[in-house]
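Numbering (my numbering), first residue to last: 1485 to 1827. Taking it in order: structure first as structure tokens, then the write-up.
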Ligand code: F6P
């Protein structure tokens, strides 16, 4: 068989581990050949590719990012997108495609399979950990580790200067990174997109700490967190091809608001893409490798329209549509664990 591979959407530590696993098992065990498309969906749309070999994918297991590069190209935004992809796959004699991505890349993959008959297996990835079809995505553990280390460092400087430190982390629709790094880093307030916040309440937590002799505070906020209606001003931003707004800025707005309301010196740090870069943790390398092996197994068996997912401790194939049907958001009971430590 000849199988194409692409990585779409925001990059994520562990993508290279998936590519390596697909190539190793695909070539060494099955005797298939593997074609790597460049820049997400732009690759199969524009026929930009290179042959992947065991040699060309050596040494990439611990490397962050993706050797195939990525983009937020939406193939369904081009009128002739599905036909172009099918034609280019045929010209390359491909039997199918493995698309590694998050809600947007896999959403497009699900529609290309269901509506246009393109043979696709998906692999779930995102540091946000918000895909409904899998219990966990690779990249999340690394992002939480990076954010926790940052919170630890901000703790000591916050304490030295009696400051409130706001740490803005990624998390567009779900607050998993904020919740886990905030719990691991001992945050005094955690704000997530699932729960619109009241800035007055945030200030009360901080003031309570002061009244108990703790003159510094750490507030962890997801970039997608929003104030409860009427409690604080909100702003909009530019959107990408999938209609998602470019986020960022809630940290700075909170910095001003908290300083004005409490009179305590406040500083914001935006961790941004630092959370997505660098070497994956051992956990993410293992999860990504297991998913890569399962994806090439599924392609070898012709199980198109599926996606390997982590279910409990095992990897299982689920319908591709499942991955994007629902977002996996932070449940109340997990947030309530963090709330015990607020203020
Ligand atoms: O989807 C993953 C993610 O890291 C989100 O948390 C974030 O909102 C977005 O990607 C940022 O995307 P970009 O790299 O295009 O700025």
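Quick reminder that beta carbons are idealized off the backbone N, C-alpha and C, glycines included.
- Between the region 1754 to 1772 and the region 1621 to 1634, the count of Cβ pairs shorter than 8 Å is three or higher; the stretches touch.
- By the C-beta density criterion, residue 1495 is buried, having at least 16 other C-beta atoms within 10 angstroms.
- In the DSSP assignment, residue 1568 falls within the unbroken alpha helix (DSSP H) covering 1565 to 1575.
- When secondary structure is reduced to three states using DSSP, residue 1706 falls in the strand class.
- Boundaries of the beta strand (DSSP E) around residue 1653: 1648 to 1653.
- One Cα belongs to residue 1697, the other to residue 1708, and the distance between them is close to 32 Å.
- Note on geometry: alpha-carbon atoms of residue 1714 and residue 1735 lie some 18 Å from one another.
- Judged by pairs of C-beta atoms under 8 Å, the region 1810 to 1817 does not touch the region 1623 to 1640, as fewer than three such pairs exist.
- The continuous beta strand (DSSP E) containing residue 1795 extends over residues 1790 to 1795.
- When DSSP states are grouped into helix, strand and coil, residue 1547 belongs to the coil group.
- Proximity of the beta carbon of residue 1536 to ligand 1 is not indicated: no heavy atom of the ligand is located closer than 7 Å.
- Boundaries cannot be given for residue 1578, as no beta strand (DSSP E) includes it and DSSP labels it neither H nor E.
- Just so you know, the alpha carbons of residue 1683 and residue 1745 end up roughly 9 Å apart.
- Minimum Cα-Cα distance from residue 1554 among the listed residues 1527, 1590, 1638 corresponds to 1527.
- Contact between the region 1572 to 1584 and the region 1778 to 1786 is present, with at least three C-beta pairs closer than 8 Å.
- Taking 8 Å as the cut-off, the Cβ atoms of residue 1703 and residue 1770 do not count as close.
- With contacts defined by Cβ atoms closer than 8 Å, residue 1656 and residue 1599 do not form a contacting pair.
- Apart from sequence neighbours up to five positions away, the residues of its chain that approach residue 1501 with a beta-carbon distance below 7 Å are 1545, 1764, 1769, 1772, 1773, 1776, ordered along the chain.
- Here the alpha carbons of residue 1534 and residue 1718 stand approximately 45 Å from one another.
- Take the alpha-carbon of residue 1567 and the one of residue 1688: they are about 57 Å apart.
- Fully enclosed alpha helix (DSSP H) runs of no fewer than 4 residues occupy 1587 to 1600 of the region 1575 to 1615, in order along the chain.
- The beta-bridge partner set that DSSP reports for residue 1700 is empty.
- By the C-beta density criterion, residue 1693 is buried, having at least 16 other C-beta atoms within 10 angstroms.
- The residues 1617, 1790, 1791, 1793, in chain order, have a CB closer than 7 Å to that of residue 1802 in the same chain once the five nearest residues on each side in sequence are set aside.
- The C-alpha of residue 1550 lies about 20 Å from the C-alpha of residue 1615.
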